[in-house]
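In order, the protein sequences belong to chains A and B. Just so you know, we're using the numbering used here here: the first sequence kicks off at -6 and counts up by one. Just so you know, we're using the numbering used here here: the second sequence kicks off at 22 and counts up by one. The beta-carbon is built from N, C-alpha and C at its ideal position, and this holds for glycine as well.
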Amino acid sequence: MSQVLSAPTPSIYPVVNSAFTQNSVSRNGLSAIFRMRLRQWQDGSPITVFVLHDNNPLHKQFCKQVLNVFPHQMRRSWNKLVFSGTGQAPITVASKEEMVDKIASTPGAIGYLSDEDITENIKILIIK
Amino acid sequence: MRHTSTLNRFFKLNSYGIVLVLCCLFTNAQAFDSDWLPQNLQIHGFLSQGFIHTSDNNFFGKTDDSISTDFRELGINASYRILPELQIAMQIVWRDAGKTDNSNVRIDYGVASYNLYSSESSLLTLRGGRVPTPLGLYNDTRDVASTRPSILLPQSIYFDVNRNLALSADGGYIYGEHRTDYGDFSLNFGVIIPRMDDPDFKNTLVGSDPGKMEGDISWVLRTGYEWENGLAKLAITYADFNGEYKPSTGAFFQAGSWRFNPLIFSAQYNAEKWSLTGEYALRRAQLRNFGAIPDTEFTGQSFYIQGTYRLTSSLEALVRYDELIWDMDDRKGLKLAQAAPGVTNHSRFAQDWTFGLRYEILPALNFSAEYHRINGTGWLSNLENPQGTTQHWDMYTIMMSYDF
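Below is the structure:
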């Protein structure tokens, strides 16, 4: 019975600017984007990745449920890129409101949001 | 030259001040993500200060019956993504590690990376400049305390006395990565000229003979496999490092050559709360044509096995056994000690039990403490221990580290 009473965890999705033409991404591609290994969309334009702080519950949920990786493992792989000169870290935003702003205003931006926070200028990137 | 020495003096005098200022500036780890930098330019940095005490022998300063503060690392890097497929990055580091590092400000890397091909499943990149050398699991970022599992990396494979030689080199690499549903495969191959400016390196080969060691054409290859975004990692590294001795007038030794071939097998499993890591290396070293030193070739063995466990979300414990043997044909160094009076047999091996704790005060600020119980002095610096060494010794280290 307790399952029925407990509030369901909101679903979380990778999101992009709704003006963006690409609608879907492979699971490996999505993982490569958030691990900062894939830096270009299919049309060659630059990808800009936005994430919340490592301890943010939404970030943890996205890492575990969608990317299938532990947040500290993500941080480790970003540090490896940043401190070996072979890559960059994603841009950290302070809140999901800032996430909404950045995704809506940055061409080629990708982030993640709960379905309830997705606004007009933002669309879900479908995982193939 | 004068410029460099002024800069060094500035860093020496002001290191603590700089640490303080940086801490104040970047207490918010995301400071540099704010709007005043363009989104394709990033600045990151790190700093750490260690305190080391040993029961006997010296490691990174005068540690025997004393506490050394001569272990300090401070670095800053910038990366700029000029085009989606082109990135440049540079890291400048100031490092002090007793007599094993000359405390100069140096460029650890200055890399241009160009993606020849990039898709959701594959990546092919060319890298050139001064590039971190891909050796084993930890070498590429060995300066940054937060990327190390412990205060000191397992010394049998990541010798700190020859840190500059291992860390990075001038040359070019080709890197390929293929991502599949069964894991990611990678291959990294480079042709390089190694750096031979570690004070202890030349000293070990020819002592204080007037002359210098210079890097020669060398190459390195690392293949890797990652399963489930790094849940399990495997790697094999092989390298051919070459160097030449350039004697000055009045030198006792002749223009000899040095060759070093490490073969490293690496494996790691990362669960949510714990991780298990092991690396095994065979290291072949050759010395030729030094004149007074007979031509020599020997193969050594290094391995460690290491476990970490996250006791709480901010406290992690570590246990490791690390073993080094310089010459597989003379595991305890007894033959050499007999043949060369003045060489102690325990300088030819080292067995190190390490127990460590790391506490995350803030996400970017760590406090670590470590205890080592060591049998043998195989990875100690000769420069730091002119008085001789003791076979069984203990080492205690603590470190504060910060990165942004």
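Reduced DSSP secondary structure (H/G/I, E/B, other) of residue i
i: Gly125 (chain A); result: Lying outside -6 to 121, the shown extent of chain A, residue 125 (chain A) is not represented and no answer is given.
i: Ser402 (chain B); result: coil
i: Lys53 (chain A); result: helix
i: Asn16 (chain A); result: coil
i: Phe63 (chain A); result: coil
i: Asp164 (chain B); result: coil
i: Ala364 (chain B); result: Correcting the residue type first, residue 364 (chain B) is Val in the shown sequence and not Ala. Reduced to three states, the DSSP call for Val364 (chain B) is coil.
i: Pro105 (chain B); result: coil
i: Thr410 (chain B); result: coil
i: Ala87 (chain A); result: coil
i: Glu309 (chain B); result: One point to set straight first is that residue 309 (chain B) is Arg, not Glu, in the sequence displayed. Strand.
i: Trp71 (chain A); result: helix
i: Arg32 (chain A); result: coil
i: His24 (chain B); result: Because His24 (chain B) sits at a pLDDT of 46, beneath the cut-off of 50, its placement in the model cannot be relied upon, and the point is left open.
i: Ala97 (chain A); result: helix
i: Phe80 (chain B); result: coil
i: Gln176 (chain B); result: coil
i: Ser422 (chain B); result: strand
i: Asp108 (chain A); result: helix
i: Ser4 (chain A); result: coil
i: Lys116 (chain A); result: strand
i: Ser77 (chain A); result: helix
i: Gln70 (chain B); result: strand
i: Asp415 (chain B); result: strand
i: Gln58 (chain A); result: helix
8 Å contact criterion, which residue i and residue j should meet: CB distance rounded
i: Glu300 (chain B); j: Tyr325 (chain B); result: 6 Å
i: Val93 (chain A); j: Asp110 (chain A); result: 6 Å
i: Tyr105 (chain A); j: Ile5 (chain A); result: 6 Å
i: Asp348 (chain B); j: Arg369 (chain B); result: 6 Å
i: Asp219 (chain B); j: Arg184 (chain B); result: 6 Å
i: Asn61 (chain A); j: Asn250 (chain B); result: 6 Å
i: Ala63 (chain B); j: Ser100 (chain B); result: It is worth fixing the name first, because residue 63 (chain B) is Gln in this sequence and not Ala. With 8 Å as the limit, Gln63 (chain B) and Ser100 (chain B) qualify as a contact, their Cβ atoms being about 5 Å apart.
i: Phe319 (chain B); j: Ala306 (chain B); result: 6 Å
i: Phe273 (chain B); j: Asp230 (chain B); result: 5 Å
i: Ser389 (chain B); j: Ile238 (chain B); result: Incorrect: roughly 39 Å between the Cβ atoms, too far for contact.
i: Thr75 (chain B); j: Trp295 (chain B); result: That belief does not hold up - the Cβ atoms of Thr75 (chain B) and Trp295 (chain B) are roughly 30 Å apart, past 8 Å.
i: Val114 (chain B); j: Asp164 (chain B); result: 6 Å
i: Thr168 (chain B); j: Lys53 (chain A); result: Rounded, the Cβ-Cβ distance is 21 Å, inconsistent with contact.
i: Gly66 (chain B); j: Asp424 (chain B); result: 7 Å
i: Ile115 (chain A); j: Pro7 (chain A); result: About 11 Å separates the two Cβ atoms, so there is no contact after all.
i: Gln112 (chain B); j: Gly96 (chain B); result: 6 Å
i: Leu339 (chain B); j: Pro170 (chain B); result: 6 Å
Whether residue i touches residue j by CB criterion (8 Å)
i: Phe180 (chain B); j: Pro215 (chain B); result: no
i: Gln275 (chain B); j: Thr298 (chain B); result: no
i: Pro64 (chain A); j: Asp36 (chain A); result: no
i: Asp445 (chain B); j: Asn78 (chain B); result: Outside the displayed span of chain B (22 to 425) sits residue 445 (chain B), for which this structure offers no information.
i: Met416 (chain B); j: Ile73 (chain B); result: yes
i: Ile96 (chain A); j: Val9 (chain A); result: yes
i: Ala190 (chain B); j: Val152 (chain B); result: yes
i: Val182 (chain B); j: Ser402 (chain B); result: yes
i: Asn291 (chain B); j: Gln66 (chain A); result: yes
i: Ser422 (chain B); j: Asn387 (chain B); result: yes
i: Tyr259 (chain B); j: Val227 (chain B); result: no
i: Gly78 (chain A); j: Asn98 (chain B); result: yes
i: Arg102 (chain B); j: Asn136 (chain B); result: no
i: Ala187 (chain B); j: Leu158 (chain B); result: no
i: Ser278 (chain B); j: Arg309 (chain B); result: yes
i: Phe80 (chain B); j: Glu405 (chain B); result: yes
i: Leu51 (chain A); j: Lys89 (chain A); result: yes
i: Val59 (chain A); j: Pro83 (chain A); result: no
i: Ser323 (chain B); j: Ser177 (chain B); result: yes
i: Gln33 (chain A); j: Pro105 (chain B); result: yes
Exercise. Do the stretch 245 to 260 of chain B and the stretch 221 to 236 of chain B meet, that is, are 3 or more Cβ pairs less than 8 Å apart?
Worked result: no
Problem set entry | the stretch 189 to 198 of chain B in contact with the stretch 377 to 385 of chain B per 3-pair CB rule at 8 Å | no
Exercise. Touching or not, the stretch 139 to 156 of chain B and the stretch 18 to 28 of chain A, by the rule of three or more beta carbon pairs under 8 Å?
Worked result: yes
Exercise. Are at least three pairs of beta-carbons, each pair with one atom in the stretch 349 to 360 of chain B and one in the stretch 120 to 136 of chain B, less than 8 Å apart?
Worked result: no
Problem set entry | Contact the stretch 386 to 404 of chain B vs the stretch 335 to 350 of chain B: 3+ CB pairs below 8 Å | yes
Problem set entry | Sequence ranges, alpha helix (DSSP H) only - wholly within the stretch 315 to 400 of chain B, length at least 4 | 355 to 360
Exercise. Residue ranges of each alpha helix (DSSP H) run of no fewer than 4 residues wholly in the stretch 181 to 253 of chain B, ordered along the chain?
Worked result: Those alpha helix (DSSP H) runs which fall completely within the stretch 181 to 253 of chain B and span 4+ residues are 184 to 188, 220 to 227.
For this session: Mind listing, in chain order, the continuous beta strand (DSSP E) runs of no fewer than 3 residues lying wholly within the stretch 258 to 313 of chain B?
Result: 278 to 291, 295 to 309
Exercise. In chain order, what residues of the stretch 152 to 174 of chain B put their CB closer than 8 Å to some CB of chain D?
Worked result: Checking the listed chains, one finds no chain D in this structure; the protein chains it contains are A and B.
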